[in-house]
Amino acid sequence: MSAVRRWSEGMSSDNVKGLVLAISSSLFIGASFIVKKKGLKKAGASGVRAGVGGYSYLLEPLWWVGMITMVVGEIANFAAYAFAPAILVTPLGALSIIISAILAHIILRERLHTFGILGCALCVVGSTTIVLHAPPERQIESVAEVWALATEPGFLFYTALVLTIVFVLIFHFVPQYGQTHIMVYIGVCSLVGSISVMSVKALGIALKLTFSGMNQLVYPQTWAFTLVVVSCVITQMNYLNKALDTFNTAVVSPIYYVMFTSLTILASVIMFKDWDRQTPTQIITEMCGFVTILSGTFLLHKTKDMVDDYVQSGPSLSTSMSMRSLKHEEEELLIEGIPLKRQDSLRIP
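Once you know that position 131 of the sequence shown is 133 in our numbering, the rest is easy, because the numbers rise by one and skip nothing.
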């Protein structure tokens with residue numbers, strides 16, 4: 003409680019705005035997963051599924067409703083990054099996990115086990131831990147300052163590494179394992195997303211400064227960040243659609259959240275040097291928050307396996323139990339002195 007009190011007392015008006023926008027964003031995005039999934043299912047029933055390379059969902063109105071809902075959520079998220087640090091805004095995406103998982107259970111009939119609910123709760127607890135120990139926002143006066151941070155050797159190395167992994171995933175792993183391994187599609191979305199968030203934050207800062215009277219649109223760096231944002235968002239949208247159409251929504255959402263959040267915070271730590279303004283205790287606490295989130299995701303993933311195993315083995319399990327019961331009945335009849343041949347004849351009408 004003392005940590006909450008100290009944190010709330012130290013919050014600036016900008017941080018409050020950022021939190022409100024981030025929470026609103028999670029509400030819209032969480033609902034959009036379900037609406038888009040419904041649209042993808044409806045489009046797949048009459049055309050080529052997105053999971054196998056089809057784009058018939060572009061003609062489905064329901065998918066566009068979900069897309070508009072997601073855009074509204076992303077706009078709110080975009081604005082949140084202009085007011086608060088990424089390490090504070092990004093973990094609040096845990097709310098979208100809860101919303102999408104519950105709606106998937108109710109609307110899409112995608113069963114959510116009790117352990118899945120516990121997994122969602124762990125994700126929220128871990129995210130809250132990170133938020134309560136988030137560093138203060140770095141004061142930036144111009145987009146040129148953000149560009150200087152983005153072109154430092156550390157972040158350039160991170161960007162090069164991310165792009166290399168993304169190209170390997172897209173051209174080698176997606177064709178072979180995209181339909182069977184959930185981490186392939188989500189890996190592309192998350193890696194690209196970590197770069198897009200840094201660009202979104204830079205663009206948000208530029209617009210915020212412009213609206214406050216310091217025009218940043220005259221700088222070429224502003225438009226460079228805009229180009230990166232557009233390219234990354236298109237890539238994310240494409241592979242997220244494939245993931246949603248191929249795998250269970252209640253599993254896609256949390257895994258995507260954990261990977262995206264982890265990589266985004268890592269990128270923010272490298273680019274904006276967030277941990278330079280924190281004590282070792284705060285950093286360790288944040289790491290504990292990450293472990294808690296990962297534990298929640300593990301539970302959600304195992305929950306899917308339990309449900310799938312139950313569905314797949316249900317008929318065979320029932321048959322096996324019936325055979326065992328029949329064998330037991332036959333043994334009882336033998337003990338009582340009734341021949342098996344007679345038992346068989348008794349069953350014939």
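Don't be surprised by glycine CBs; every beta carbon is placed ideally from N, CA and C.
- Counting C-beta atoms within 10 angstroms of its own C-beta, GLN141 has fewer than 16 neighbours from the protein chains shown and is therefore classed as exposed.
- When DSSP states are grouped into helix, strand and coil, ALA86 belongs to the coil group.
- For the 8 angstroms CB-CB criterion, THR212 and LEU205 do not form a contact.
- Buried is the label assigned to SER255, since at least 16 other Cβ atoms lie within 10 Å of its Cβ.
- The way I'd put it, the segment 159 to 169 doesn't touch the segment 221 to 230; fewer than three beta-carbon pairs between them come closer than 8 angstroms.
- Contact between ILE25 and SER102 does not hold, since the beta-carbon distance rounds to 15 angstroms and is not under 8 angstroms.
- For the pair SER27 and ALA45, the CB atoms are not nearer than the 8 angstroms cut-off.
- Fewer than three beta-carbon pairs drawn from the segment 275 to 287 and the segment 68 to 80 are found closer than 8 angstroms, and the two stretches are therefore not classed as touching.
- Listed in chain order, the non-local C-beta contacts of VAL186 below 7 angstroms within the same chain comprise LEU171, PHE175, VAL176, TYR179 and GLY180, local neighbours out to five positions each way being set aside.
- With contacts defined as CB atoms closer than 8 angstroms, ALA88 and TYR160 fail to qualify as a contacting pair.
- Shortest Cα-Cα distance from ALA152 to any of PHE292, SER198, GLU62 and VAL73 involves SER198.
- Boundaries of the alpha helix (DSSP H) harbouring THR237: 222 to 248, taken from the DSSP string.
- For ARG279, the three-state secondary structure derived from DSSP is helix.
- Shown here for SER201: same chain residues with a beta carbon closer than 6 angstroms to its own, the five before and five after excluded, namely PHE227, VAL230 and VAL231 in chain order.
- When rounded, the separation of the alpha-carbon atoms in LYS244 and LEU134 is 34 angstroms.
- SER34 is positioned such that its CB atom lies closer than 8 angstroms to that of GLY68.
- Taken through DSSP and simplified to helix, strand or coil, GLY215 comes out as coil.
- Judged by DSSP secondary structure, PRO155 falls within the alpha helix (DSSP H) whose first and last residues are 155 to 170.
- Under the three-state reduction of DSSP output, GLN284 falls in the helix class.
- According to the DSSP assignment, THR116 belongs to the alpha helix (DSSP H) that extends over 116 to 134.
- GLU139 and ALA86 do touch by the CB rule: their CB atoms are close to 6 angstroms apart, below 8 angstroms.
- Below 8 angstroms, too few C-beta pairs join the segment 107 to 122 and the segment 235 to 249 to call them touching: fewer than three.
- Judged by DSSP secondary structure, SER102 falls within the alpha helix (DSSP H) whose first and last residues are 96 to 108.
- The three-state reading of DSSP puts HIS183 in coil, since its state is none of H, G, I, E or B.
- The closest CA to that of VAL148, considering only TYR258, ALA208 and VAL74, is found on ALA208.
- Cβ contact annotation for ILE267 (same chain, cutoff 7 angstroms, sequence separation greater than five): ALA88, ILE89 and THR92, in chain order.
- Cβ contact annotation for ILE272 (same chain, cutoff 7 angstroms, sequence separation greater than five): GLY156, PHE157 and TYR160, in chain order.
- Taking every protein chain shown into account, the CB of ALA136 has 16 or more other CB atoms within 10 angstroms, so this residue is buried.
- Taking ILE104 as reference, the option from LYS40, GLY32 and THR71 with the minimal CA-CA separation is GLY32.
- The closest CA to that of GLY20, considering only LYS203, GLU288, ASP276 and TYR258, is found on LYS203.
- In the three-state DSSP reduction, SER144 falls in the coil class, being neither helix nor strand.
- Taken atom to atom, the span from the alpha-carbon of ILE285 to that of ILE132 is near 9 angstroms.
- Considering only LEU193, PHE173, THR248 and VAL145, the residue with the shortest C-alpha distance to ALA162 is LEU193.
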